Amino acid sequence: MDSHNLDEFRRRWQEELAQAQAVRKRRRPEAAERRPRRPEVFPGRGEQASGYLALAQGLLEGAGRPPAALVTRTERQDAASRSRSPPARGGAGGGEQLVDQLIRDLNEMDDVPFFDIQLPYELAINIFQYLDRKDLGRCAQVSKTWKVIAEDEVLWYRLCQQEGHLRESSISDYSCWKLIFRECRAKEHMLRTNWKTRKGAVSELEHIPDAVLCDVHSHDGVVIAGYTSGDVRVWDTRTWDYVAPFLDSEYDGDEDEPGMQPYASFVRINSSLAVAAYEDGVLNIWDLRTGKYPIHRFEHDARIQALALSPDDATIATASAFDVVMLHPNEKGHLQIAAEFEVQKLVDYLEIVPDTGRYPVAVATAGDLVYLLKADDSARTLHYVYGQPVTCLDVSANQAAFGVKSLGWVHEGNKILVYSLEAERCLSKLGNALGDFTCVNLRDSPPHLMVSGNMDRRVRIHDLRSDKIALSLSAHQLGVSAVQMDDWKIVSGGEEGLVSVWDYRMNQKLWEVHSSCTPVDEPCR
């Protein structure tokens with residue numbers, strides 16, 4: 001309400017108050033001579049009229065909230081008589097419209113979003129970032145301003161990153177991240193439904209006919225394979241192009257002479273790099289964004305026995321003879337030797353701990369020894385029991401899990417040990433199986449869960465909170481050779497070449513594919 005309307009409102013109410021005072025003066029002598037009968041008043045009518053008068057008096061005085069006035073008995077009678085009489089043509093009707101207009105204006109003032117008055121837009125975004133997609137949808141229905149805040153690109157970009165959609169993309173790659181988030185969830189729902197309803201097709205990647213597959217690895221739909229011929233091939237299954245290009249190794253030997261190029265014994269891949277280790281100790285590193293020629297080449301004095309590549313960055317670890325070398329990019333992005341360690345035995349398993357920041361950390365097993373390798377420190381023994389070799393290894397951001405084989409006169413059963421990498425102590429001892437634990441998956445498993453495979457043909461889900469087995473599946477007749485797990489399914493591979501997919505929440509097998517007669521080394525998801 002502007003100042004002109006407010007002045008007009010006050011002037012009309014002054015006229016109404018003057019008329020009311022004149023009526024009371026005329027009736028005051030008659031009330032002194034005879035006592036009139038008290039008229040019947042409906043409940044609340046007199047109080048409502050006096051409330052209007054108090055509101056008008058406060059507006060005339062310029063107060064925002066007038067104090068509650070004491071109403072006498074005569075004023076209540078006058079207010080009751082006026083409430084029964086028809087309204088006046090001049091000021092009463094206009095005053096009633098102005099009162100309604102004033103009430104509407106006050107209600108509209110309550111509908112103003114508080115972010116426009118108290119908080120700037122940046123602080124509102126910081127508050128809304130703690131909401132999930134359902135809460136953001138509810139907030140978008142409050143008002144126009146809340147809708148603008150709840151549909152901000154920063155909020156939906158963070159939701160995509162938190163749920164694992166398009167992690168390699170930046171916020172400037174798409175113009176509507178809410179729509180992208182919706183499409184990613186719809187695609188994920190469709191894939192999950194197809195898994196459960198057994199809808200799909202088996203596709204075979206083109207392989208090299210005159211060579212034997214030595215190693216295979218995958219990351220986010222991209223598959224890399226190394227062969228006895230020394231060839232390294234990469235497939236991108238996301239584009240449905242199953243004719244893979246070769247990665248040139250720049251080998252100096254005669255390509256026409258068979259057997260001269262060494263085997264590609266180990267291959268690893270992440271979102272930006274592809275790495276291959278050869279039998280002669282050569283390590284080739286390719287940048288997937290630049291081309292098929294290696295950008296770095298390192299040579300070791302002996303055969304490379306283990307290779308690890310970080311899934312998050314360009315950290316690489318190799319084990320050759322009794323030495324472990326960690327490569328990490330410098331400030332300019334060039335790979336250099338970050339640390340070198342000397343161990344007592346030959347390394348069997350090697351893994352890089354994710355999310356370690358500037359100084360990379362790795363875990364290596366050598367016989368019955370487990371080492372914690374930090375780039376800013378010397379090699380430390382994490383676990384050692386004489387005569388109990390380690391049979392499998394996997395690491396997460398703060399834990400390491402490895403299988404231990406029990407030998408000797410007193411057989412205690414094979415177990416999986418879970419260690420804290422920060423405290424460097426054992427947290428849990430899981431399982432008590434007769435067979436050897438051949439594989440374990442801790443990094444990809446849901447929180448507080450871990451999956452393992454054993455030579456006794458069973459796949460087990462371990463509850464890390466209670467140190468008990470949550471689920472045990474009879475999976476493969478010749479033993480389990482590889483296993484992986486996500487939030488609802490398990491993919492397992494067996495020594496007989498069988499690949500199985502399980503819905504562990506329903507304890508039901510969804511898929512079963514017999515790939516080959518050779519053991520499955522790693523299920524590529």
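To convert, note that position 471 of the sequence shown is 471 in the UniProt record's numbering; the numbers rise steadily by one, no gaps.
Glycine included, C-beta positions come from ideal geometry on N, C-alpha and C.
Keep in mind the model is a prediction, meaning the values are calculated, not measured.
### Query
If we count Cβ pairs, one from each stretch, closer than 8 angstroms, do we get three or more for the segment 299–308 versus the segment 318–331?
yes
### Query
Within the chosen definition, does the segment 360–372 reach the segment 322–334 through at least 3 CB pairs nearer than 8 angstroms?
yes
### Query
What did DSSP end up calling Ala423 once you bin it into helix, strand or coil?
coil
### Task
Output the residue ranges of the alpha helix (DSSP H) runs that lie fully inside the segment 143–198 and measure 4 residues or longer, sorted by chain position.
144–150, 153–162 and 177–196
### Task
Could you tell me how far apart the beta carbons of Val267 and Gly226 are, in whole angstroms, since I believe they sit closer than 8 angstroms?
4 angstroms
### Message
I need the boundaries of the alpha helix (DSSP H) containing Gly281, first residue and last residue.
### Response
From DSSP, Gly281 is part of no alpha helix (DSSP H); its letter is neither H nor E.
### Message
Can you tell me whether Ile416 is buried or exposed? The criterion is at least 16 other CB atoms within 10 Å of its CB, across all chains shown.
### Response
buried
### Query
What are the boundary residues of the beta strand (DSSP E) that Ile352 is part of?
Tyr349 to Ile352
### Task
Note down the Cα distance separating Arg458 from Ala470, rounded to an integer number of angstroms.
13 angstroms
#### Entry: Ala401 and Tyr419 closer than 9 angstroms at C-beta
yes
### Message
For the pair the segment 428–445 and the segment 388–400, tell me if three or more CB-CB distances fall below 8 angstroms.
### Response
yes
### Query
Taking Cβ positions, are Gly435 and Ala482 nearer each other than 9 angstroms?
no
### Message
Let me check understanding here. Comparing Cα to Cα, which of Leu421, Arg185, Gly493 and Leu346 lies closest to Glu163?
### Response
Arg185
### Query
According to DSSP, what are the bridge partners of Trp511?
Val501
### Query
Should Arg12 be labelled buried (16 or more other beta-carbon atoms within 10 Å of its own) or exposed?
buried
### Query
Buried or exposed: Gln129, going by 16 or more other Cβ atoms within 10 Å of its Cβ?
exposed
### Message
Can you tell me whether Val23 is helix, strand or coil according to DSSP?
### Response
helix
### Task
Report yes if the C-beta distance between Ser149 and Cys139 is below 9 angstroms; otherwise report no.
Note that residue 149 corresponds to Ile in the displayed sequence, not to Ser. Cβ distance < 9 angstroms, so Ile149 and Cys139 count as in contact.
### Query
In terms of DSSP beta bridges, what is Cys439 paired with?
Gly453
### Task
Say whether the segment 350–358 touches the segment 331–339, bearing in mind that this needs 3 or more beta-carbon pairs closer than 8 angstroms, one atom from each stretch.
no
### Query
Residue range of the alpha helix (DSSP H) that Lys489 falls in?
Note, Lys489: premise wrong, no alpha helix (DSSP H); beta strand (DSSP E) at Lys489 to Gly494.
### Message
Quick check on Arg238: does DSSP put it in helix, strand or coil?
### Response
helix
### Task
Can you grab the Cα-Cα spacing for the pair Gln261 / Val212, in whole Å?
14 angstroms
#### Entry: Cutoff 7 angstroms; reference Arg167; Cβ partners in own chain excluding five residues on either side
Gln161
### Task
For my contact list, Ala314 and Pro329 are in at a C-beta cut-off of 8 angstroms; report their separation, rounded to the angstrom.
5 angstroms
### Task
Run the CB neighbour count on His4, radius 10 Å, all protein chains shown included, and call it buried at 16 or more, exposed below.
exposed
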